[in-house]
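**Q**
Number of protein chains: 2
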Amino acid sequence: MKLSEPTCPPGNQSLANRALKRKLPGRLLEDEPNRFRASLDNLRLSFLPEAVIRVREAADVATVLQLANRYGIPVTSRGAGSSATGSAVPIKGGWVLDLSALNTVKIDPVARIATVGAGVVTADLQAQVEAQGLFFPPDPSSKKYSTIGGNIACNAGGMRCVKYGVTRDYVLGLEGFLVDGSAFQFGLPLKKYVSGLNLRDLLIGSEGTLGVITSANLKLIPKPEKRWTGMFAFKTEASALKTVVALFKAGFSPSILEFLDRQSVACAEQYTGSAIFPGRARSAILLIELDGRAAEVREQRKSLLAFMEDRTIGQREARTEAQAEKFWQVRRTCSQSMFSLADTKLNEDIVVPLEKQAELIRYTLDLKKEIGLATPTFGHAGDGNLHVHIMYNRASKSEAKKAKAGIHQLMRKVVDLGGVITGEHGIGLAKAPFLSMQHSTSEIAAMQAVKNALDPLGILNPGKIFDAFEVWDHEPVDVCLPWDHR
Amino acid sequence: MKLSEPTCPPGNQSLANRALKRKLPGRLLEDEPNRFRASLDNLRLSFLPEAVIRVREAADVATVLQLANRYGIPVTSRGAGSSATGSAVPIKGGWVLDLSALNTVKIDPVARIATVGAGVVTADLQAQVEAQGLFFPPDPSSKKYSTIGGNIACNAGGMRCVKYGVTRDYVLGLEGFLVDGSAFQFGLPLKKYVSGLNLRDLLIGSEGTLGVITSANLKLIPKPEKRWTGMFAFKTEASALKTVVALFKAGFSPSILEFLDRQSVACAEQYTGSAIFPGRARSAILLIELDGRAAEVREQRKSLLAFMEDRTIGQREARTEAQAEKFWQVRRTCSQSMFSLADTKLNEDIVVPLEKQAELIRYTLDLKKEIGLATPTFGHAGDGNLHVHIMYNRASKSEAKKAKAGIHQLMRKVVDLGGVITGEHGIGLAKAPFLSMQHSTSEIAAMQAVKNALDPLGILNPGKIFDAFEVWDHEPVDVCLPWDHR
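Each protein sequence line maps, in turn, to chains A and U. With the first letter of the first sequence counted as 1, position 263 gets the number 263 in my numbering; the numbers rise by one all the way through. Take any residue in the second sequence, count from 1 to its spot, add 1000: that is its number in my numbering.
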């Protein structure tokens, strides 16, 4: 199926801009720096919009959409632009709708529900919620920058999903606007709701292609009383990942269970200039957090250390919050530190069944040999959600070609293992070439029929999810984004 | 918007039946008893289908749908028929697709995922899962009969939602067939998945109107080590419901938190012939379960009993599992016991914000006075999800008229309080008159556009959710269903 695209005849854009300035004075930004900032996300491919609209209140969105319909202008919603897939990039030009000013937070500690503007930064919400003894678990690694609207648009995950689930699991209600500018409220700040077709969950993860979300009612849970963090070294990736399976078999329920392969550990150690387990051969690592009531954590810690005794070649536990933070810093450093291997990174977020993770890692090592490019991998081993990277130097045509071939092979392998091509980033532009590996023609046609039903003119974030796009054909821009060099 | 309906020209139905018998021998049942059984659900309005198709394997569904398309036959999917809203009733005739034979269960204790046929009975799944030390929390009161397919179709709730969420929160993947007979797999047995538009969650709660679900991958969690049950008596409904709010303020996280008003208690006591708190004036009741690690439950129990001390006029705790079961029996008896008040029941499952529950109960008591009909109410007070009933004698035209007016007033009040007209039953036929109280014209049009996109001919469960239907205009049948007289 070919989806519609807005047809903006010559001259329409400037008419639209003028109409917008008249109706919503002071929101339209046409200067180069603002357009450039809104032209890219963490994929770092830049497509300039015609203008950026900085909304001041939710009702502005209705006006913007009405004009977009009248003049045939593409509308791409945006929070912080920390998406990894290009889903926030205005690839068809038009307007970028900057929602970051919608940043109110209201917490109901009795119902344990927060009502939050789309522009609220995840970490800010978490801090406010925790001050009231409550907890909002979703923690994408971009949480210091990413907004709740963006998290919902791509159904963000993070490290705590193994115990607490993903963003979707915490969304009770959504407010926003359908493409024609009419307001919607799908779901409410209530714990149960089954009235009519569930467009709330259809919007979650739809990457801004079906409507504009302006605020959300989010479920909160009691804050765990106590946390404990341990780091465990393994001779090989396979032994680490077999231990993950054994942990679940033994009944453990860690709140975080992260894996780092030896390639990632090497990058992190080089970047920080210190060995993680000094004096030992380089090892694969599991980072584990336990949480809950103090007594429960004590008990689980004891069992875990006993369980790990014969399986690891080294273990460290954090005795203070600061020490724990240092452990997590190792994990967070990985992504950045990989650029010592090459200047360009293909960053995947595949998921495979827990018992297939060892096989997947074996495959990434075979791939490394085959294509001669580094394939450092780390990620959420408790979910089977691994960030596999292929590092290459962009100037080398042969490396770029090998990287492209390698990523296709990898995705095929993931699907063959019963996995999924994306676990928390979404499709955007970067994963669009692999959509048909994952889904049948009928499944894709059904998705497109739904897209057409809710956005018949194709105004909302056109060019995403379904359109052919080859990341490799586009030169990334050299830009320093807020989350670089943390 | 007017949705399409299948146009089955005269003679087509018998051609279709013949074609089906040829392609799938032995599945088609045309006899009166089977057609009658499939003609109704727990709403007890009977609309005879032309035939029942008892599928033997998932692939049968593709054949059925292909023929339904060719001949224009409505298809209504069915599990146990325990739906409360008429959503399983073949109101437009055609074929009923009986999925109860799809009853395989496969449990992966490492990934904590069960793969389950649509026809598996909820309680059977729970028993199998618990035998492996795991837990599938959703527990609709029909769980001894209801099937997983039906639970998913209406996003069933139950008593444990206050801590563990609803059916949706446990669905990772769905397999089944789109209306044209093409297979779908939306989601997989994986813990994270964000590939393409999320049609999985769109199908959950869609009451069989968008596709036919044949199996599901369900998330399991570790089985709580220990449970404790207590029953608390309050002078008034208001004091019980204020205590609910206070409990959450104080940080308690019960696994069940049920409320019974004095009208319900009176029915239950009359039905069982014994007083719940002997020797005391009739009281409103809270039934509370705590669960978790043994030490945590001990600690919470102690705090809870201290917290309740000055608030209650009586309290009992279950010292054994058998005693706990007796407490729950009181709650389960309520629904059945109400028929001592009148022969017909309007059974609602509204939700209001926790802090509005006391106001809602006050309203039901005012309504009782105003219309002169009993309004017994009980339900999931931890979720704000109350089952409000209006009892009337069907033969009395004046009572029927008052009941109808009363239920409209009640629904208006619920929406005014920021609530929702249905929390766990869905819309089906019974709540269709109230859909436009809950949703704007634009919201309903968006839902209908999605329905049209996925079922352009209107073959799947036609007449539900969106069509005007007046329960009061139809005579319920006098039938004994499996879950009666438990």
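The beta carbon of each residue, even a glycine, is placed where N, CA and C say it ideally should be. The structure displayed is predicted, hence computed values, not measured ones.
Please go through the same chain and pick out, in chain order, the residues whose beta-carbon is closer than 8 Å to the beta-carbon of A374(A), but skip the five residues on each side of it.
**A** Only Q263, M338, L341, A342, K368, H389, I390 and M391 meet the Cβ criterion.
**Q** Inspect the beta-carbon positions of I465(A) and A432(A) and report whether they are closer than 8 Å.
**A** The answer is yes: Cβ separation under 8 Å.
**Q** What residues match up with R391(A) in a beta bridge as DSSP calls it?
**A** At residue 391(A) the sequence reads Met, which differs from the Arg that was named. Answer is K345(A), bridged to M391(A).
**Q** Exposed or buried, P137(A), counting other C-beta atoms within 10 Å across all chains shown (16 or more means buried)?
**A** Buried: at least 16 other Cβ atoms inside 10 Å.
**Q** By alpha-carbon positions, which one of F234(A), E424(A), A250(A) and F252(A) ends up nearest to S87(A)?
**A** Ranking F234(A), E424(A), A250(A) and F252(A) by Cα distance to S87(A) puts E424(A) first.
**Q** Check this for me: beta carbons of A1118(U) and T1236(U), under 8 Å apart or not?
**A** Cβ atoms of A1118(U) and T1236(U): not closer than 8 Å.
**Q** Taking its Cβ as the centre, do 16 or more other Cβ atoms sit within 10 Å of V477(A), making it buried, or is it exposed?
**A** Burial call: exposed.
**Q** Excluding sequence positions up to five away, which residues of its chain have a Cβ less than 7 Å from the Cβ of C1334(U)?
**A** For C1334(U), where only same-chain residues beyond five positions count, the Cβ hits under 7 Å are L1260, S1264, C1267, A1268 and F1378.
**Q** Report buried or exposed for R1018(U), applying the criterion of at least 16 other Cβ atoms within 10 angstroms of its Cβ.
**A** Flag for R1018(U) reads exposed.
**Q** Pair every Cβ in the segment 1074-1083 of chain U with every Cβ in the segment 1041-1055 of chain U, then say whether three or more of these pairs are closer than 8 Å.
**A** Yes, the segment 1074-1083 of chain U touches the segment 1041-1055 of chain U.
**Q** Entirely within the segment 406-442 of chain A and at least 4 residues each: give me those alpha helix (DSSP H) ranges in chain order.
**A** Those alpha helix (DSSP H) runs which fall completely within the segment 406-442 of chain A and span 4+ residues are 435-438.
**Q** Less than 8 Å between CB atoms is the rule here; does M487(A) satisfy it with respect to chain U?
**A** Because chain A spans 1 through 486 in this model, residue 487(A) falls outside it and cannot be assessed.
**Q** Assign F1232(U) to one of three DSSP states: helix, strand, or coil.
**A** Correct three-state label for F1232(U): strand.
**Q** Report yes or no: is there a C-beta of chain A within less than 8 Å of the C-beta of Q1128(U)?
**A** Taking Cβ atoms only, chain A never reaches closer than 8 Å to Q1128(U), which makes this a no.
**Q** List the endpoints of the continuous alpha helix (DSSP H) containing F36(A).
**A** Where F36(A) is concerned, the enclosing alpha helix (DSSP H) stretches over E32 to R37.
**Q** I'd like the ranges of any alpha helix (DSSP H) spanning at least 4 consecutive residues and lying wholly in the segment 1140-1164 of chain U.
**A** With a minimum length of 4 residues, the continuous alpha helix (DSSP H) runs that stay inside the segment 1140-1164 of chain U are 1148-1154 and 1161-1164.
**Q** Quick one: does G1251(U) have its CB under 8 Å from some CB of chain A?
**A** True, the Cβ-Cβ gap to chain A drops below 8 Å.
**Q** Should G94(A) and G150(A) be called a contact, given that it needs their Cβ atoms to be closer than 8 Å?
**A** No, the pair does not count as a contact, with Cβ atoms beyond the cut-off.
**Q** Rank E289(A), E296(A) and T104(A) by C-alpha distance to the C-alpha of E317(A) and give the top, closest one.
**A** Out of E289(A), E296(A) and T104(A), E289(A) has the C-alpha closest to the C-alpha of E317(A).
**Q** Since I believe N1042(U) is in contact with S1083(U) (beta carbons under 8 Å), could you give me their beta-carbon distance rounded to a whole number of angstroms?
**A** That belief holds up - the Cβ atoms of S1083(U) and N1042(U) are roughly 6 Å apart, short of 8 Å.
**Q** Reducing DSSP to helix, strand and coil, say where Q132(A) ends up.
**A** Coil, per DSSP.
**Q** Could you tell me whether the Cβ atoms of L257(A) and G419(A) are closer together than 8 Å?
**A** Not closer than 8 Å, so no.
**Q** For N1217(U), which beta-bridge partners are listed by DSSP?
**A** Bridge partners of N1217(U): T1115(U) and G1173(U).
**Q** Name the chain U residues that come within less than 8 Å of H439(A), Cβ to Cβ?
**A** Correct list: S1195 and G1196.
**Q** If the criterion is Cβ atoms closer than 8 Å, does the pair A123(A) and K106(A) meet it?
**A** Contact: no.
**Q** Which chain U residues sit within Cβ distance under 9 Å of E289(A)?
**A** None at all; the shortest Cβ gap to chain U is about 16 Å.
**Q** Strictly by DSSP, which residues pair up with T1377(U)?
**A** DSSP lists V1388(U) as partners of T1377(U).
**Q** Here's the rule: buried if 16 or more other CB atoms are within 10 angstroms of the residue's CB, otherwise exposed. What is T7(A)?
**A** T7(A) is exposed by the Cβ-count criterion.
**Q** With three or more C-beta pairs closer than 8 Å as the rule, is the segment 1127-1136 of chain U touching the segment 1176-1192 of chain U?
**A** The segment 1176-1192 of chain U vs the segment 1127-1136 of chain U: no contact.
**Q** Can you list, in chain order, the residues of its chain whose CB lies under 7 Å from that of E1470(U), leaving out five sequence neighbours each side?
**A** Excluding sequence neighbours, E1470(U) sits near P1433.
**Q** Compare the C-beta of N1217(U) against all C-beta atoms of chain A and say whether one is closer than 8 Å.
**A** Chain A contact via Cβ: absent.
**Q** Output the distance between the C-alpha atoms of T1147(U) and R1037(U), rounded to the nearest integer angstrom.
**A** Cα to Cα, the separation comes out at about 16 Å.
**Q** Using 8 Å for Cβ pairs, my map puts L28(A) next to K21(A). What's the rounded Cβ distance?
**A** Right, the Cβ-Cβ distance comes to about 5 Å (below 8 Å), so this counts as a contact.
**Q** Please look up how many angstroms separate the CB atoms of F177(A) and V212(A), rounded, as I've assumed it's under 8 Å.
**A** With a Cβ gap of about 5 Å, F177(A) and V212(A) count as contacting.
**Q** V1055(U) to V1096(U), Cα distance in whole Å?
**A** Roughly 10 Å between the two C-alpha positions.
**Q** Would you list, in chain order, the members of the segment 221-248 of chain A that have their beta-carbon closer than 7 Å to a beta-carbon of chain U?
**A** Of all residues in the segment 221-248 of chain A, P222, V245 and F248 have a Cβ within less than 7 Å of some Cβ in chain U.
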